[in-house]
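For the sequence shown, our numbering assigns the number 198 to the initial residue and increments by one for each residue that follows.
All residues carry an ideal CB built from backbone N, CA and C; glycine is no exception.
Because the structure is a prediction, the values reported are computed rather than measured.
Here the structure comes first, spelled out in structure tokens, and everything after it is commentary.
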Amino acid sequence: MKPYKIPDVEIELVHACIAGDRKAQRALYDRYKNAMYSSALRILGNIDEASDALQEAFIDVFEQIRQFRFESSLGAWIKTIVIRKALHRLKLVRMNEPLESATTIETDTWHGTIDAGYLEKAIQSLPEGTKTVFLLIEVEGYKHKEVSEMLGISTGTSKSQLNYAKNILQKILYKYYKQ
Numbered sequence: 198m199k200p201y202k203i204p205d206v207e208i209e210l211v212h213a214c215i216a217g218d219r220k221a222q223r224a225l226y227d228r229y230k231n232a233m234y235s236s237a238l239r240i241l242g243n244i245d246e247a248s249d250a251l252q253e254a255f256i257d258v259f260e261q262i263r264q265f266r267f268e269s270s271l272g273a274w275i276k277t278i279v280i281r282k283a284l285h286r287l288k289l290v291r292m293n294e295p296l297e298s299a300t301t302i303e304t305d306t307w308h309g310t311i312d313a314g315y316l317e318k319a320i321q322s323l324p325e326g327t328k329t330v331f332l333l334i335e336v337e338g339y340k341h342k343e344v345s346e347m348l349g350i351s352t353g354t355s356k357s358q359l360n361y362a363k364n365i366l367q368k369i370l371y372k373y374y375k376q
């Protein structure tokens, strides 16, 4: 596999951020904030939690920027930090959430054609652990091995959770389609 070629603009941004250049830090944040916020929001399903995860992640990005080794894209490196922050916040939220609300699946309120909004609603209705695995693999593009390491689960559990998520989504969307 051919090594990833980092664009010069990103190399310059990284070096300027390492030097403590506030304008470069702002430019880096502005360049990646929307995509990273979307990733955090998909995992957390809550605007405030996603905003907090994004803020915490970028604090870590600027504290750890010296550790970026230019072996992958800068965006992939930042996304890993954002995903880990979102997963950490998700664990904290889960600890304070009543168990029954984590597994509630609502399909009664859907009307009209299935579009991206309805699909997003179906995904957000998945049980938390299942939803997290589904989003990391199917939306974010991580491999089962990476997901198992991030979540502290076995690769087999990751695979079964993904399969379970797909089965639930299939039932939800089929039930909706038949209405």
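1. For Asp257 versus Ile278, is the C-beta spacing smaller than 8 Å?
2. Is Glu268 helix, strand or coil by DSSP?
3. In whole angstroms, what is the alpha-carbon distance linking Gln358 and Ala216?
4. Hey, Leu251 and Lys230 are a contact pair by Cβ (cut 8 Å); roughly how many whole angstroms apart?
5. When you compare the CB positions of Leu283 and Phe331, do they come within less than 8 Å of one another, or not?
6. In three-state terms, what does DSSP make of Asn231?
7. Please report how far the alpha carbon of Asp245 lies from the alpha carbon of Pro324, in whole angstroms.
8. Below 8 Å between beta carbons: does that hold for Leu287 and Leu241?
9. Residues in its own chain within less than 8 Å of Ile262 by CB, not counting five upstream and five downstream?
10. Just the Cα atoms here: how many angstroms apart are Val206 and His285?
Judging by the given coordinates:
1. What you label residue 257 is simply residue 60 of the sequence shown in a count that begins at 1. What you label residue 278 is simply residue 81 of the sequence shown in a count that begins at 1. Going by C-beta atoms, Asp257 is nearer than 8 Å to Ile278.
2. Counting from one through the sequence shown, the residue named residue 268 turns up at place 71. Looking at Glu268 - three-state DSSP - the assignment turns out to be coil, as it is neither helix nor strand.
3. Here residue 358 refers to the residue found at position 161 of the sequence shown. Here residue 216 refers to the residue found at position 19 of the sequence shown. So the alpha carbons of these two residues sit roughly 43 Å apart.
4. Here residue 251 refers to the residue found at position 54 when the sequence shown is read from its first residue. Here residue 230 refers to the residue found at position 33 when the sequence shown is read from its first residue. That pair is a contact at about 7 Å.
5. In the sequence shown, residue 283 corresponds to position 86, counting from 1. In the sequence shown, residue 331 corresponds to position 134, counting from 1. Per the sequence presented here, residue 283 reads as Ala, with Leu not at that position. Not a contact, by the Cβ cut-off of 8 Å.
6. Counted from its first residue, the sequence shown places residue 231 at position 34. Asn231: helix per DSSP, three-state reduction.
7. Here residue 245 refers to the residue found at position 48 of the sequence shown. Here residue 324 refers to the residue found at position 127 of the sequence shown. Their Cα atoms are separated by approximately 20 Å.
8. To locate residue 287, count along the sequence shown from 1; it is residue 90. To locate residue 241, count along the sequence shown from 1; it is residue 44. Yes, the Cβ-Cβ distance between Leu287 and Leu241 is below 8 Å.
9. For the purposes of this step, residue 262 is taken as the residue at position 65 of the sequence shown. Answer for Ile262: Val211, Cys214 and Ile215, listed in chain order.
10. Your numbering for residue 206 matches position 9 in the sequence shown. Your numbering for residue 285 matches position 88 in the sequence shown. If I take the Cα positions, the gap works out to 31 Å.
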